[in-house]
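Taken in order, these protein sequences are the chains called A and B. For what it's worth, this note's numbering labels the leading residue of the first sequence as 1, then goes sequentially. For what it's worth, this note's numbering labels the leading residue of the second sequence as 341, then goes sequentially.
There are 2 protein chains.
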Amino acid sequence: MTDLNKIGEVGLIERIRQATSAPSHPETIRGIGDDAAVFDWGDQYGLLVTDMLVEGIHFDLSYVPLKHLGYKAITFGVSDIAAMNGLPIQVTVGVALSSRFPVEAIDELYEGIRAACTAYDVDLVGGDTTASRSGLVISVSVLGKVSKELITYRNTAQPNDVVCVTGDLGAAYLGLQLLEREKQVFLADPNMQPSLPEERSYLLQRQLRPDARTDIVHELRDLGIRPTAMIDISDGLASELLHLCHQSGTGAIIFDENIPIDDQAHLAADEFKISPITAALNGGEDYELLFTVRPQEFEKLANHSRITAIGYLTADPSQIVLATKAGQQTPIRAQGWGQL
Amino acid sequence: MTDLNKIGEVGLIERIRQATSAPSHPETIRGIGDDAAVFDWGDQYGLLVTDMLVEGIHFDLSYVPLKHLGYKAITFGVSDIAAMNGLPIQVTVGVALSSRFPVEAIDELYEGIRAACTAYDVDLVGGDTTASRSGLVISVSVLGKVSKELITYRNTAQPNDVVCVTGDLGAAYLGLQLLEREKQVFLADPNMQPSLPEERSYLLQRQLRPDARTDIVHELRDLGIRPTAMIDISDGLASELLHLCHQSGTGAIIFDENIPIDDQAHLAADEFKISPITAALNGGEDYELLFTVRPQEFEKLANHSRITAIGYLTADPSQIVLATKAGQQTPIRAQGWGQL
């Protein structure tokens with residue numbers, strides 16, 4: 001018997017992918033191995049993705065409001081559609097929950113789901129609601145659409161492409177540290193009031209109610225830019241950069257001083273004695289996009305306030321490194337699958 | 341605070357549906373309220389459905405082999421696509437599981453998933469695999485397709501239509517009783533060998549490894565028949581007949597002696613002192629289809645070995661009754677949502 005922890009999430013997905021036979025339908029353009037599956041929808045491509053959020057793994061209801069959780073669940077799926085350069089159309093939501101939840105709790109969860117559907121302009125079209133013996137599990141499937149000329153995979157980047165990220169990184173992870181700390185304080189003394197100062201509100205928002213970057217998908221279209229490759233980095237910048245490079249057969253040099261980190265994240269990292277770069281590389285839950293563009297395309301993005309160039313791709317697939325200002329280079333590694 | 345048990349699954353879905361705003365995308369043809377959501381796929385309709393299977397609610401791993409469970413999970417979703425008169429194309433599978441499962445257990449689960457994908461001719465295109473603090477939860481989303489002329493909803497049946505069911509009913513429920521009994525025997529004395537005789541093998545197959553009726557979808561096409569309405573009856577004949585009638589605004593008379601029940605189910609019902617009709621009406625987990633056809637169409641189906649006429653629809657929506665040979669009529673009621 002082989003321990004799941006030994007092969008890890010990536011190993012498991014690879015094992016499933018290898019054992020899966022080739023698609024039999026002409027409609028199936030891509031199966032396992034990208035942010036979403038792709039099917040031929042006549043003059044466009046359809047996109048399909050399923051994500052799961054599990055209580056005790058992805059969220060802790062002692063500090064996550066159900067309304068935010070509903071919003072985040074939709075963000076989770078929509079972000080994968082955005083990573084294919086697509087936009088969402090329909091969403092189905094499966095909810096397994098125990099009878100400890102009153103009807104009003106489900107109302108709250110769905111309030112957040114609906115708020116996200118409005119924000120991302122996606123239709124809530126169905127799902128499944130079922131009992132559970134223990135925790136809350138949410139499954140979100142999103143149907144999206146993208147024109148055949150604009151679809152963007154993970155494995156099509158080329159050496160010399162500029163590596164870009166949207167927004168800023170590490171804040172969601174530091175928001176989680178803040179919430180976990182307050183939970184411990186509260187557990188030790190339930191009379192203590194939680195200390196979640198206004199100066200940290202951005203971190204909490206990034207952790208509790210993140211937004212998917214459909215805005216960037218619209219803007220890239222407006223600017224006439226099609227990325228050469230794109231991937232959602234909610235699992236962490238490091239692991240997703242490795243996916244993009246491995247699948248494209250390239251290396252990468254990332255400049256640590258270029259990685260966008262918010263001031264609140266810097267302050268909190270200091271407070272928690274965590275390197276802000278580590279939080280940005282491995283923290284995860286930043287629903288941002290990592291994408292690559294041809295160098296000659298990049299100037300169109302150079303002054304974009306929510307897009308930052310953090311490095312470039314190289315021809316040597318064995319060199320995926322983080323470079324410091326002083327010129328030191330260290331290999332970028334993905335964190336293991338610590339959860340399972 | 342309102343107890344979930346009070347409003348039940350149907351009440352909850354209705355509550356979610358009512359609070360959900362009208363679809364904003366022209367592609368969305370139908371949302372919540374049928375077996376699958378419907379979207380406009382150019383010259384055809386696309387279908388999307390999500391189902392969840394939860395350990396301790398939908399299955400008990402002390403007697404359900406993981407391979408069969410994988411197969412059944414796909415059957416669950418494909419059956420909903422068949423109920424729209426459609427055929428499946430792609431499937432995504434989300435799996436949440438704890439580290440007590442070795443890698444080989446996941447291989448077994450996926451072996452069943454792949455066997456079902458081959459049986460139903462559907463491409464496994466992705467999904468999500470995640471940790472879980474407790475039990476195993478499987479979420480299946482299926483993308484299907486149906487021509488615009490053949491799509492079949494729940495709410496389009498008319499008075500005088502003949503009510504048909506596929507296959508036979510009640511066997512899956514009696515298979516479950518058999519497995520539950522052997523589990524109790526084993527728990528009381530682990531040295532006892534389970535007694536699951538060959539003469540009950542059909543019941544076990546119906547419970548453990550049921551098939552969705554894509555065969556019937558093909559046959560109806562070959563016969564040139566489009567049902568006036570159709571619904572999947574894995575939640576039980578009674579509740580689904582009520583859905584079909586309520587949504588179509590009709591009544592129904594069902595003749596108890598016409599309900600197809602296998603010989604093994606009769607024998608087991610006798611053994612367990614359960615009415616075979618009750619097992620057929622409320623047992624559930626028979627992945628069969630309930631559909632209605634115009635009376636003049638029915639003769640094309642009259643000699644079909646896997647389709648049985650069990651009654652007809654009436655104009656009075658308040659009369660949905662079971663009629664005995666002796667002429668007695670009793671209202672058909674759905675069982676409550678006992679699980680949550």
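All C-beta atoms, glycine included, are put in the ideal place defined by N, C-alpha and C.
Residue burial is scored here from C-beta neighbours: residue 656 of chain B has fewer than 16 other C-beta atoms within 10 angstroms and is therefore classed as exposed.
Between residue 32 of chain A and residue 13 of chain A a beta carbon distance of about 7 Å is seen, short of the 8 Å cut, so the two are scored as contacting. For residue 399 of chain B, not one C-beta of chain A is nearer than 8 Å to its own C-beta. Inclusion of residue 377 of chain B and residue 10 of chain A in the CB contact set at 8 Å is not warranted, their separation being larger than that value.
At least one beta carbon of chain A lies nearer than 8 Å to the beta carbon of residue 392 of chain B.
Residue pairing of residue 184 of chain A in beta bridges, as defined by DSSP: absent, with no partner found.
Annotated three-state conformation of residue 250 of chain A is coil, per DSSP. From the beta-carbon of residue 596 of chain B, no residue of chain A is found nearer than 9 Å; the closest lies around 30 Å away.
Exposed is the label assigned to residue 364 of chain B, since fewer than 16 other Cβ atoms lie within 10 Å of its Cβ. Around the Cβ of residue 85 of chain A, a 10 Å sphere holds 16 or more other Cβ atoms; the residue is buried.
Secondary structure note for residue 607 of chain B: its alpha helix (DSSP H) is the uninterrupted segment 603-612. Judged by pairs of C-beta atoms under 8 Å, the stretch 98-113 of chain A touches the stretch 59-70 of chain A, as three or more such pairs exist. Among the CB atoms of chain B, none fall inside 8 Å of the CB of residue 312 of chain A.
The beta-bridge partner set that DSSP reports for residue 595 of chain B consists of B:663.
Annotation: Cβ neighbours of residue 132 of chain A in chain B (cutoff 7 Å, chain order): 394 and 397. Distance check between residue 519 of chain B and each of B:502, B:504 and B:540 places B:540 closest, using alpha-carbon atoms only. Between the stretch 415-435 of chain B and the stretch 453-469 of chain B there are three or more C-beta pairs closer than 8 Å, enough to call the two in contact. The continuous stretches of beta strand (DSSP E) do not include residue 72 of chain A, which lies in the alpha helix (DSSP H) extending over residues 66-82. The alpha carbon of residue 323 of chain A has as its nearest neighbour, out of A:116, A:115, A:214 and A:277, the alpha carbon of A:277.
Listed along chain A is no residue with a C-beta nearer than 9 Å to that of residue 591 of chain B; the closest approach is about 27 Å. Remark: C-beta atoms of residue 233 of chain A and residue 289 of chain A approach each other more closely than 8 Å. The closest CA to that of residue 631 of chain B, considering only B:620, B:639, B:648 and B:454, is found on B:648. The stretch 262-276 of chain A and the stretch 318-334 of chain A do not touch, with fewer than three beta-carbon pairs separated by less than 8 Å. Where residue 147 of chain A is concerned, the enclosing beta strand (DSSP E) starts and stops at 137-147. Counting C-beta pairs closer than 8 Å gives fewer than three between the stretch 474-490 of chain B and the stretch 577-586 of chain B, which falls short of the contact rule. For residue 117 of chain A, DSSP assigns no beta-bridge partner whatsoever.
Among the residues facing chain B, residue 304 of chain A is not included, as its CB has no counterpart in that chain under 8 Å away. Between residue 286 of chain A and residue 176 of chain A, the CB-CB gap reaches or exceeds 8 Å. Residue 365 of chain B has a beta carbon lying within less than 8 Å of a beta carbon in chain A.
Annotated as distal: residue 137 of chain A and residue 198 of chain A, with beta-carbon spacing of 8 Å or more. If you check each beta-carbon in the stretch 478-504 of chain B against every beta-carbon of chain A, the ones closer than 7 Å belong to 479, 481 and 483. Beta-bridge annotation (DSSP): residue 600 of chain B is not paired with any residue. Taken through DSSP and simplified to helix, strand or coil, residue 215 of chain A comes out as helix. Per the coordinates, the alpha-carbon of residue 555 of chain B lies some 33 Å from the alpha-carbon of residue 535 of chain B.
For residue 298 of chain A, the enclosing alpha helix (DSSP H) starts and ends at 295-298. A straight-line Cα-Cα distance of about 7 Å links residue 421 of chain B and residue 389 of chain B.
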